[in-house]
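Comments concern the structure below.
Residue numbers (my numbering), protein chains in the order written: chain C, 167 to 499; chain U, 956 to 1273.
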């Protein structure tokens, strides 16, 4: 009964935070705007239309979606590896994305598909290809342990980083382009990106929601899961695919944003326990809210200059997380 | 706004008076010299920009672009600049839209520009985003030679209805250039030079083959020890400097005070003590602000360089 009340309380808090976060994000920026400006813009006044609806709103939506993707991807991978250190980028998708972005700059790609810069597309492709290759290689091993997958991922990520560093070394002016991917930023977010990532994010969420009970079985160990009727191999593959899609799309629109995918699932697990049916939903929601506010702070603290959003996620997330970990009476991780 | 007035008027008068035939001939034989009512121009990234009238609200995303705009008399038309645009001093009074890599989209949008000038050093993703916001963006590649610079200025003149002013500026620069060039051609020495920029992170940096600095040195009768190495700015090791054994070390820095620090830090490098330039104490100061802008002041940079190379070095008379 108490747990149920707690759940309702958490949902309400998140709902209020989400709404407040969107309103704040719409109202505050380097251009001074008021609530009445916003109402006027809603009613069709042109003055601040572009600022509200072509810059601030898509940016808020993108940061929420990316936060949700990272939170969910983190929850999936922590469950997948049964390792609380796993984060969305653990299999090298971030290194793969950075490589793609720098490659695009190096090759001087000018191609622009709707919504994505050539660097975004390259980042998406390389990060996806890298994780797929990692998976296929570790599949071939005689002992298909998740450690093999993890280590192959780390090694492949290191290789991708080495190539990235080499390219940056050869062309110092590509460095600035790479920084965006290494630090993460939403400063270039637009509607087209929303339309491109939204379907994938929604599909991934639906898949996770449906597969959450299976993840609960996997948490008991592969053998137990098999004996309980869970098709272990295909389930694992699906989860890996989904988390890779989520991480790759996140990286391709916003660069590498650390910490969200690591601490959000943890925090939710500390609050709600290890049931993945709840864990998935709330990790995604809380991740979205966390990143929405982080980006809001990143662009307003030193306005008009922006700081990388990763700075905020770590600066605010880490102390809160340490507090949660040390709070007496919290459930076991 | 006042300054832009007469030129625009001229455009209108010009078109009203002439017959369609003349207009056609003009369009065929004299394209691009004056901005017609609708001009379709292609930038260095291959994107087309249609300008319906002379730009009145210009945002510049690089300090050298800002300098050129001001040199063309567009003081009132420039509405936004970067935080690095410090020359001329008037530029500092303009709205700052951000830096080279992090301009703020919201501020740019709020200025309602009818022309946004970018250059290749702005991140590609940023330029793509600006284009998607349907802002009138025009991007320039950074050039290497004086001819590139003149073309650069001429094209900005065309974009902004300042063809005449651009022509005058280029002519003036050409004259100054050839006057200085004369001093060089008489005494061309081909001295080996190590040009470095001080205070930019760790290590020693120098200009590579693709940098306009290397061309500037070449034109001044000197030669960078890294003139063959591909790249714009390069990190260089002490060993490479020893191998190059330059006779002259040129240090780009903010002012004389910083130069003293830079001079000390280089002469204190034990490994370099046998380099000719250090034995002869041929270390010279160049004003970074003048040298680092591919704009009208490049002539002044050239003059400074020639002065240092031919007047300040004993046994290297002018």
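We put the CB at the ideal spot given by N, CA and C, even for glycine.
| CB contact below 9 Å: residue 1065 of chain U versus chain C | yes
| If contact means a Cβ-Cβ distance below 8 Å, which residues of the segment 282–297 of chain C contact chain U? | 283, 284, 285 and 286
| said: Only counting the same chain, and skipping five residues up and downstream in sequence, which positions put a Cβ closer than 6 Å to that of residue 1188 of chain U? | reply: 1160
| field | Under 8 Å from the C-beta of residue 464 of chain C: neighbouring residues of chain U | value | In chain order: nothing, as chain U lies at least about 12 Å away.
| For residue 1015 of chain U, does the three-state DSSP call read helix, strand or coil? | strand
| field | Whole runs of the alpha helix (DSSP H) within the segment 1212–1245 of chain U, excluding any shorter than 4 residues | value | 1231–1234
| Closer than 9 Å to chain U by CB, residue 478 of chain C | no
| query | Applying the criterion that 16 or more other CB atoms from any shown protein chain within 10 Å of the CB defines a buried residue, is residue 306 of chain C buried or exposed? | reply | exposed
| query | Roughly how far, in whole angstroms, is the beta-carbon of residue 258 of chain C from the beta-carbon of residue 315 of chain C, given that I think they are within contact range, below 8 Å? | reply | That pair is no contact at about 11 Å.
| task | Report the rounded CA-to-CA distance for residue 426 of chain C versus residue 213 of chain C, giving the unit in angstroms. | result | 36 Å
| task | Could you please give the first and the last residue of the uninterrupted beta strand (DSSP E) stretch that includes residue 1004 of chain U? | result | 1003–1006
| request: Closer than 7 Å by beta-carbon distance: list the chain U residues that pair up with residue 356 of chain C, in chain order. | output: 1084 and 1087
| request: Kindly identify the DSSP beta-bridge partner or partners of residue 1166 of chain U. | output: DSSP lists no partner for residue 1166 of chain U.
| Looking at the structure shown, is residue 922 of chain U part of a helix, part of a strand, or coil, going by DSSP? | Lying outside 956 to 1273, the shown extent of chain U, residue 922 of chain U is not represented and no answer is given.
| Using the C-alpha atoms, what's the distance from residue 450 of chain C back to residue 233 of chain C? | 7 Å
| message | Is the separation between the beta-carbon of residue 292 of chain C and that of residue 304 of chain C shorter than 9 Å? | response | no
| query | What in chain U is Cβ-close to residue 506 of chain C, meaning under 7 Å? | reply | In the structure displayed, chain C extends from 167 to 499; residue 506 of chain C sits before or after that span and is not available.
| field | Distance between residue 1226 of chain U and residue 1201 of chain U (C-alpha atoms, nearest Å) | value | 14 Å
| message | Between which residues of its own chain and residue 428 of chain C is the CB-CB distance below 7 Å, once the five residues before and five after are set aside? | response | 240 and 253
| query | Which residues mark the beginning and the end of the alpha helix (DSSP H) in which residue 1206 of chain U is found? | reply | Segment 1203–1208 is the beta strand (DSSP E) holding residue 1206 of chain U; no alpha helix (DSSP H) there.
| Chain-ordered residues of the segment 204–227 of chain C with a beta carbon less than 8 Å from chain U | 216, 217, 220, 221 and 222
| task | Using a Cβ cut-off of 9 Å (strictly closer), state whether residue 470 of chain C contacts chain U. | result | yes
| request: Just tell me which of U/1123, U/1158, U/996 and U/1178 has its CA closest to the CA of residue 1149 of chain U. | output: U/1178
| message | Check for me: the beta strand (DSSP E) holding residue 197 of chain C runs from which residue to which? | response | Premise fails: residue 197 of chain C is in no beta strand (DSSP E) and is neither H nor E.
| message | Quick test of your reading: residue 1062 of chain U and residue 1053 of chain U, contact by CB under 8 Å. State the CB separation rounded to the nearest angstrom. | response | 7 Å
| query | Does the beta-carbon distance from residue 1246 of chain U to residue 1214 of chain U come in below 9 Å? | reply | no
| query | From the DSSP output, which residues share a beta bridge with residue 1151 of chain U? | reply | U/1161 and U/1206
| task | Measuring only between beta-carbons, confirm whether residue 1052 of chain U sits less than 9 Å from chain C. | result | yes
| Which listed residue (C/469, C/420 and C/403) has its alpha carbon closest to that of residue 267 of chain C | C/420
| query | Around the C-beta of residue 431 of chain C, are 16 or more other C-beta atoms found within 10 angstroms, so that it is buried, or is it exposed? | reply | buried
| Looking at C-alpha atoms only, which residue of U/1102, U/1183 and U/1107 is the closest neighbour of residue 1022 of chain U? | U/1107
| request: Please confirm if the segment 197–214 of chain C is in contact with the segment 373–381 of chain C, defined as three or more CB-CB distances below 8 Å between the two stretches. | output: no
| field | DSSP-derived helix/strand/coil call for residue 1074 of chain U | value | strand
| query | In three-state terms, what does DSSP make of residue 1051 of chain U? | reply | strand
| message | Quick check on DSSP: helix, strand or coil for residue 1249 of chain U? | response | coil
| query | Are the CB atoms of residue 1114 of chain U and residue 1084 of chain U nearer to each other than 9 Å? | reply | no
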